[in-house]
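Asks: Just dropping this structure here.
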Amino acid sequence: MVTPVVNAEKLNNFSKVCEILERFDRQPSKIIPILQAVQEEYRYLPEEIMTFVATSLGISPARVFGVATFYSHFSLEPKGKNIIKVCDGTACHVKGSSGLIDVIRRELKLTEKEPTTEDLLFTLETVSCLGACGLAPAVVINEKVFGQVSKKQMKDLIDEYRTKED
Ligand code: FES
670 MVTPVVNAEK
680 LNNFSKVCEI
690 LERFDRQPSK
700 IIPILQAVQE
710 EYRYLPEEIM
720 TFVATSLGIS
730 PARVFGVATF
740 YSHFSLEPKG
750 KNIIKVCDGT
760 ACHVKGSSGL
770 IDVIRRELKL
780 TEKEPTTEDL
790 LFTLETVSCL
800 GACGLAPAVV
810 INEKVFGQVS
820 KKQMKDLIDE
830 YRTKED
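All the letters of the sequence shown, read from the start, carry residue numbers 670 to 835 under our numbering.
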């Protein structure tokens with residue numbers, strides 16, 4: 670059997686980043702929107718893709734890593750398909766957001782240091798005030814906002830998203 674030099678998945682990975690680079694005319698000044706598009710595509714910034722971006726733009730990998738680590742919305746760690754954001758601002762905290770965090774961690778076997786499930790289905794994030802204090806405790810899953818979430822509802826939501834197609 671002939672071992673492929675680069676596996677098909679990797680090749681596919683690089684073809685996506687090539688499309689992104691083309692879309693931004695390989696302009697080094699567009700590094701931030703390029704990294705945003707890469708993160709949208711891969712859900713985080715894989716190291717080998719950042720090195721590839723640096724080489725393609727003719728800039729140093731250190732500069733790309735510098736930009737990626739400067740902005741908090743960029744993630745260097747893989748994230749799950751479903752991002753659960755639990756608001757832990759004052760109003761939500763008072764209404765029991767830490768209980769919801771406990772439920773999520775228990776159900777998904779997550780810890781503060783390991784916020785993403787091994788199957789990359791879920792990532793738990795805590796955020797400060799979402800600006801929806803009337804809905805406390807508030808939770809956002811992907812782009813959907815859920816208000817006055819009880820522990821039971823939190824568990825049901827996890828079950829729902831666990832089996833959700835796409
Ligand atoms: S404190 Fe949670 S929405 Fe404001």
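C-beta: ideal position from N, C-alpha, C; glycine also.
(1) Check each candidate in L789, P806, L790 and D788 and name the one with the smallest Cα separation from V796.
(2) Spell out a yes or no on whether the stretch 714-731 and the stretch 754-762 are touching, meaning 3 or more CB-CB pairs, one atom from each, closer than 8 angstroms.
(3) In chain order, what are the residue ranges of uninterrupted alpha helix (DSSP H) at least 4 long that sit wholly in the stretch 680-747?
(4) Out of A723, T720 and N811, point me to the one whose CA is closest to L793's CA.
(5) Any chance the CB of G800 is under 7 angstroms from a heavy atom of the ligand FES?
(6) For C756, which residues does DSSP report across the bridge?
(7) So if DSSP puts I810 in a beta bridge, which residue, or which two residues, is it bridged to?
(8) Is it the case that the CB of G768 approaches a heavy atom of the ligand FES more closely than 7 angstroms?
(9) Is DSSP giving V671 helix, strand or coil here?
(10) Just checking, does the stretch 699-716 make contact with the stretch 736-746 on the three C-beta pairs under 8 angstroms criterion?
(11) Take R831 and list the residues in its own chain whose beta-carbon comes closer than 7 angstroms to its own, dropping the five residues that flank it on each side.
(12) Nearest to V733 by CA position, among T785, P747, E783 and P715, is which residue?
(13) In the DSSP assignment, find the alpha helix (DSSP H) that holds V772 and state where it starts and stops.
(14) Might you give, ordered along the chain, the residues of its own chain that have their beta carbon closer than 7 angstroms to the beta carbon of K750, omitting 5 neighbours on each side?
(15) Any heavy atom of the ligand FES closer than 7 angstroms to the CB of T795?
Replies: For this structure:
(1) For the purposes of this step, residue 796 is taken as the residue at position 127 of the sequence shown. Nearest option by C-alpha distance: P806.
(2) no
(3) 700-711, 716-726 and 730-739
(4) Working through the sequence shown from its first residue, we reach residue 793 at position 124. For the residues A723, T720 and N811, the minimum Cα distance to L793 belongs to N811.
(5) The residue labelled residue 800 in the question sits at position 131 within the sequence shown. Within the cutoff, so yes.
(6) Numbered from 1 along the sequence shown, position 87 holds the residue referred to as residue 756. DSSP, once it has assigned bridges, lists V796 as partnering C756.
(7) In the sequence shown, counting from the first residue as 1, residue 810 sits at position 141. I810 is bridged to I753 and K813.
(8) Within the sequence shown, the letter at position 99 stands for residue 768. The answer is no for G768.
(9) Position 2 of the sequence shown holds residue 671. Unreliable placement is indicated for V671, whose pLDDT of 47 sits below 50; the coordinate value is still reported in the next sentence. Here V671 sits in coil by DSSP.
(10) yes
(11) Taking the sequence shown and counting its residues from 1, one reaches residue 831 at position 162. Hits under 7 angstroms: L790.
(12) The count along the sequence shown starts at 1 and reaches residue 733 at position 64. The residue with the shortest Cα to Cα distance from V733 is P715.
(13) Residue numbering aside, residue 772 sits at position 103 when the sequence shown is read from its first letter. Where V772 is concerned, the enclosing alpha helix (DSSP H) stretches over S766 to L777.
(14) Taking the first residue of the sequence shown as position 1, residue 750 is located at position 81. Apart from sequence neighbours up to five positions away, the residues of its chain that approach K750 with a beta-carbon distance below 7 angstroms are L789 and L790, ordered along the chain.
(15) Looking up residue 795 in the sequence shown gives position 126. Checking the Cβ of T795 against the ligand FES gives no.
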